[in-house]
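Below is one structure, written out as structure tokens, with a few remarks after it.
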Amino acid sequence: MSSAPVLSADSSTESRPTPGTDAAASAGSEWWRTAVIYQIYPRSFADSNGDGMGDLVGIAERLPALRSLGVDAIWLSPFFTSPQNDGGYDVADYCDVDPLFGTLADFDRLTSVAHDLGLRVIVDIVPNHTSSEHEWFRSALAAAPGSAERARYMFRDGTGENGDTPPNNWQSIFGGRAWTRTTNPDGTPGQWYLHLFDASQPDLDWENPWVREQMVDVLRFWLDRGVDGFRVDVAHGMIKAPGLPDYTPPANAGSMGGGIVGLEPEILLDEDHTPPYFGQDGVHDIYRVWRRVLDEYEGDRALVAEAWVEPLQKLARWVRPNEMHQAFNFSYLETPWEASALRSTIDSSLEVFGSVGAPSTWVLSNHDVVRHASRLGLEGENIQGAGIGPNSPHHPDPVLGLRRARAASALMLALPGSAYVYQGEELGLPEVVHLPDASRQDPTYFRTDGQRYGRDGCRVPIPWEASAPAYGFSTSGKSWLPLPPEWAELARDAQEGVPGSTLDLYTRALGIRAEENLGLGAVEWISEPGDATVAFRNGGITVIANLGSAPFELPAGEVALASGPLDGTALPVDTTVWLR
Ligand code: GLC
Numbered sequence: 136m137s138s139a140p141v142l143s144a145d146s147s148t149e150s151r152p153t154p155g156t157d158a159a160a161s162a163g164s165e166w167w168r169t170a171v172i173y174q175i176y177p178r179s180f181a182d183s184n185g186d187g188m189g190d191l192v193g194i195a196e197r198l199p200a201l202r203s204l205g206v207d208a209i210w211l212s213p214f215f216t217s218p219q220n221d222g223g224y225d226v227a228d229y230c231d232v233d234p235l236f237g238t239l240a241d242f243d244r245l246t247s248v249a250h251d252l253g254l255r256v257i258v259d260i261v262p263n264h265t266s267s268e269h270e271w272f273r274s275a276l277a278a279a280p281g282s283a284e285r286a287r288y289m290f291r292d293g294t295g296e297n298g299d300t301p302p303n304n305w306q307s308i309f310g311g312r313a314w315t316r317t318t319n320p321d322g323t324p325g326q327w328y329l330h331l332f333d334a335s336q337p338d339l340d341w342e343n344p345w346v347r348e349q350m351v352d353v354l355r356f357w358l359d360r361g362v363d364g365f366r367v368d369v370a371h372g373m374i375k376a377p378g379l380p381d382y383t384p385p386a387n388a389g390s391m392g393g394g395i396v397g398l399e400p401e402i403l404l405d406e407d408h409t410p411p412y413f414g415q416d417g418v419h420d421i422y423r424v425w426r427r428v429l430d431e432y433e434g435d436r437a438l439v440a441e442a443w444v445e446p447l448q449k450l451a452r453w454v455r456p457n458e459m460h461q462a463f464n465f466s467y468l469e470t471p472w473e474a475s476a477l478r479s480t481i482d483s484s485l486e487v488f489g490s491v492g493a494p495s496t497w498v499l500s501n502h503d504v505v506r507h508a509s510r511l512g513l514e515g516e517n518i519q520g521a522g523i524g525p526n527s528p529h530h531p532d533p534v535l536g537l538r539r540a541r542a543a544s545a546l547m548l549a550l551p552g553s554a555y556v557y558q559g560e561e562l563g564l565p566e567v568v569h570l571p572d573a574s575r576q577d578p579t580y581f582r583t584d585g586q587r588y589g590r591d592g593c594r595v596p597i598p599w600e601a602s603a604p605a606y607g608f609s610t611s612g613k614s615w616l617p618l619p620p621e622w623a624e625l626a627r628d629a630q631e632g633v634p635g636s637t638l639d640l641y642t643r644a645l646g647i648r649a650e651e652n653l654g655l656g657a658v659e660w661i662s663e664p665g666d667a668t669v670a671f672r673n674g675g676i677t678v679i680a681n682l683g684s685a686p687f688e689l690p691a692g693e694v695a696l697a698s699g700p701l702d703g704t705a706l707p708v709d710t711t712v713w714l715r
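Numbering (this note's numbering), first residue to last: 136 to 715.
Structural data, given as structure tokens:
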């Protein structure tokens with residue numbers, strides 16, 4: 136065993152005020168400042184009618200399990216009317232439920248079951264684009280260039296002879312070009328329309344006041360039904376730079392615009408490095424209007440930005456006091472498993488969000504990234520959106536990945552602010568690497584001719600019962616993506632009440648987090664920058680994560696939580712402990 140550095144709260148100890156305490160005088164104790172929010176991907180959560188696709192009735196039936204896990208809120212990925220070309224992020228009717236998932240009455244019942252259990256409900260809103268099957272887009276295609284119907288979207292004439300060159304060089308986030316040419320009623324080629332994502336997801340023109348009015352009506356529709364907030368999809372999109380100038384992203388940028396490895400914050404803050412389709416200043420006007428709408432409603436309704444914006448100093452603009460309430464902290468998700476890098480991201484998150492009176496959020500997994508139980512066991516780079524499949528250059532080490540994932544989750548759940556848990560991470564689910572090609576559905580896979588596997592591997596339905604067909608995901612055993620045979624032992628009922636299981640770790644962590652009010656606390660550093668541990672005190676809990684290469688001798692204290700077995704009084708590598 137190596138000699139361990141001495142743990143002491145010496146004069147270098149730094150305490151960061153968290154919003155909600157002393158720093159932000161205006162800040163209160165609104166639920167979203169500290170909530171642990173559980174992301175439900177409706178297709179893959181629970182299927183009550185046996186068609187192989189999760190649904191709202193299935194979700195309502197399983198909510199007591201989330202109550203006993205100890206989360207405060209659920210966020211539902213889209214369940215709206217949609218042709219499902221992008222898992223429902225292609226919305227054909229913002230104010231109805233797709234029959235695949237149920238009815239509006241099912242949604243109302245789900246909301247009331249959730250509220251009775253003390254769980255808040257956040258729904259997804261997808262404002263950057265509609266589905267090409269939305270009535271607005273159908274009528275835009277049927278109308279002439281220059282019409283009011285076309286002005287709701289980004290239609291442009293092509294360039295070059297016969298207009299057969301797209302209006303600019305933008306590439307779709309999912310691969311291929313971001314423009315598709317239309318065909319006129321007489322069969323001749325027509326105008327082009329912009330789609331930052333799939334061709335079936337045309338971008339709306341947010342300079343058009345009509346679009347703004349419609350989307351406020353959509354917000355009101357769901358607020359009136361009692362939702363507690365919205366997760367705003369592509370909240371850094373919507374406004375495009377005037378003239379739609381050409382742009383080529385840096386080679387190492389994640390597909391959503393984040394993960395720009397190696398660029399200094401100062402450079403990223405420079406507007407020249409802002410893609411003309413992401414992070415434009417004009418988006419903030421939209422959110423200021425939305426904030427006023429939410430403020431009219433009782434009960435702390437919240438807006439959460441999905442904005443892949445770096446650095447954090449820039450992301451903080453989305454959560455200024457009159458804009459959104461929270462933004463996903465993707466910088467945290469993308470921070471490598473290295474002590475100094477993590478400490479520095481934690482520090483800047485608390486500082487930067489705190490400076491505008493917003494809570495920091497923490498997130499490690501969602502439906503767009505490789506699950507962290509695999510990501511943290513991966514050597515080599517894996518850019519967001521690439522996924523992992525049979526022919527990927529690097530495959531995760533599952534044992535190392537799970538060990539680190541448990542340590543990372545135990546670290547995350549001790550931090551002040553609000554944390555996100557993606558369905559299945561509480562079971563330690565890994566990314567599914569060996570999906571049959573024929574079952575893949577992510578448009579990324581098709582638009583890149585299989586060069587990028589995309590995100591299906593993190594979207595596989597979750598296992599509930601080890602001995603049931605489809606592990607209890609569906610009543611019939613059908614499942615839109617197959618569950619791997621080795622998931623029997625990860626099923627919820629195989630972990631429930633089993634000390635040391637990942638479910639037990641999450642349940643206990645959330646219990647202590649609530650008891651000790653860690654969400655409202657503050658980080659008081661114990662480890663020094665450069666140490667191999669990330670160690671801090673938050674209220675009555677001392678948290679130590681060992682990211683080094685040797686065991687770490689623990690100080691005295693009662694072990695309240697450990698992400699893996701301890702070795703006597705030593706904290707093994709890739710393990711996190713909470714001491715009282
Ligand atoms: C967001 C969603 C993602 C979707 C994209 C387009 O990033 O999280 O799943 O594909 O927006 O709507």
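Quick reminder that beta carbons are idealized off the backbone N, C-alpha and C, glycines included.
This one's a predicted model, so the numbers in the text were calculated from it and none came from an experiment.
Buried or exposed (CB count within 10 angstroms, at least 16 for buried), residue i
i, result
"P280", "exposed"
"H250", "exposed"
"N681", "buried"
"D503", "buried"
"A159", "Low local confidence applies: a pLDDT of 40 at A159 is under 50, so the model's placement there is unreliable, with the coordinate-based value given in what follows. That one is buried."
"H569", "exposed"
"G295", "exposed"
"L239", "exposed"
"N220", "buried"
"P471", "exposed"
"N526", "exposed"
"V694", "exposed"
"T323", "exposed"
"G378", "exposed"
"E631", "exposed"
"P410", "buried"
"N573", "Rather than Asn, the amino acid found at residue 573 in this sequence is Ala. It counts as exposed."
Close Cβ partners of residue i (< 7 Å) along its chain, the five nearest in sequence each way excluded
i, result
"Q586", "none"
"N652", "G674"
"H330", "H264, S307, A313, T315, Q336, P337, D338"
"S609", "D182, G185, G187"
"W345", "R287"
"D381", "N303, N304"
"Y176", "S212, H502, Q558, R594"
heavy atom of the ligand GLC below 7 Å from residue i C-beta
i, result
"E268", "no"
"Y555", "no"
"D503", "yes"
"G559", "no"
"Y328", "no"
"F671", "no"
"G222", "yes"
"D368", "yes"
"M391", "yes"
"F332", "yes"
"V418", "no"
"E566", "no"
"V261", "yes"
"E284", "no"
"E441", "yes"
Counterpart residues of residue i in DSSP-defined beta bridges
i, result
"R316", "W327"
"G364", "I257, A437"
"F671", "W660, V678"
"S609", "D182"
"I647", "Beta-bridge pairing links I647 to no other residue."
Beta-carbon separation (whole angstroms), residue i vs residue j, contact threshold 8 Å
i, j, result
"V232", "A195", "In fact, because the Cβ distance is near 13 Å, the residues do not count as touching under 8 Å."
"T252", "D207", "Checking the sequence shown, residue 252 turns out to be Leu, not Thr. Contact flag wrong, Cβ pair sits at about 11 Å."
"G237", "R582", "About 30 Å; that fails the 8 Å criterion."
"G552", "P617", "With a Cβ gap of about 37 Å, G552 and P617 do not count as contacting."
"Y114", "F215", "This structure leaves residue 114 out entirely; the chain is present only between 136 and 715."
"A437", "D363", "7 Å"
"R366", "I257", "6 Å"
"L645", "L550", "Contact flag wrong, Cβ pair sits at about 13 Å."
Close beta carbons around residue i, own chain, < 6 Å, minus the five adjacent residues each side
i, result
"W453", "A440, A442, M459, A462"
"D157", "At D157, the pLDDT of 38 sits below 50, so the modelled position is not reliable and the matter cannot be decided from this model."
"P531", "S509, G512, L513"
"V396", "Low local confidence applies: a pLDDT of 47 at V396 is under 50, so the model's placement there is unreliable, and no value is given."
"A170", "D207, A208, S553"
Chain B contact for residue i (CB, 8 Å cutoff)
i, result
"L550", "Looking at the structure shown, chain B is missing, and only one protein chain is on hand."
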